[in-house]
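In case it helps, my numbering puts the sequence shown at residues 146 to 262.
Backbone N, C-alpha and C fix where the C-beta goes; we use that ideal spot for every residue, glycine too.
Because the structure is a prediction, the values reported are computed rather than measured.
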Amino acid sequence: AAVDNAAMAAALGVRTEIIYAVSFAIAVGLAAMGGVIGAELLPVEPYYALRYMVTFLVVVSVGGAGSIPGALIACLLLGAIDTTGRYLAPEYGEFFFYLAVIVIITLFPRGLLGRAK
146 AAVDNAAMAA ALGVRTEIIY AVSFAIAVGL AAMGGVIGAE LLPVEPYYAL RYMVTFLVVV
206 SVGGAGSIPG ALIACLLLGA IDTTGRYLAP EYGEFFFYLA VIVIITLFPR GLLGRAK
C-alpha cells in the first residue's frame, strides 16, 4: 500500500521511510544470497551477462512483471522447451526457445501471469 499511495499510507500512520528501507535491505540481502549461490553453480566469466542474464530477463518478461509465480511457470515452461529443443535438434535448440518466447509474448503481452491495467 505504501508504494501505491505513499501519502495515504503516511496519513494512516504507516512509516513509509522505514517500510522502504526494510524492503530495500531485504531485497539486497536476497540478491546477495542469490549471487553467492549462483557463483557456486554458474562460473563468473567475461560473457556471463550475455550467456545467462539475457535468459533471466526473458524468463521474467514471459512470466509477467511483478509476478513471482509467473516467472516460475515461465522458467519451467521455457526450460522444458529449451531442453527438448536442444535434445531433438541440437543445432536449432535456441531457435525453439526464442520462438516459444515470441509466441507467448504475442499471445500474452503482459506475460503469463502479468497484472492487467
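- Ala216 sits buried, since 16 or more C-beta atoms from the chains shown fall within 10 Å of its C-beta.
- The alpha-carbon of Phe201 is positioned some 16 angstroms away from that of Thr228.
- For Phe242 against Gly256, the beta-carbon gap comes to about 16 angstroms, at or over 8 angstroms, which does not count as contact.
- Out of Gly208, Tyr232, Ile163 and Met198, the CA that lies nearest to the CA of Arg260 is found in Gly208.
- Exclusion of the five residues before and after Ile218 leaves Leu257 as the residues of its chain whose Cβ lies within less than 6 angstroms of its Cβ.
- Inter-residue distance for Val159 and Leu233 is about 55 angstroms (C-alpha atoms, whole angstroms).
- A distance below 8 angstroms separates the beta carbons of Ala154 and Thr161.
- Distances from the alpha-carbon of Val248 to those of Asp149, Gly183, Ser206 and Met178 put Ser206 closest.
- In the three-state reduction of the DSSP assignment, Arg160 falls in the coil class.
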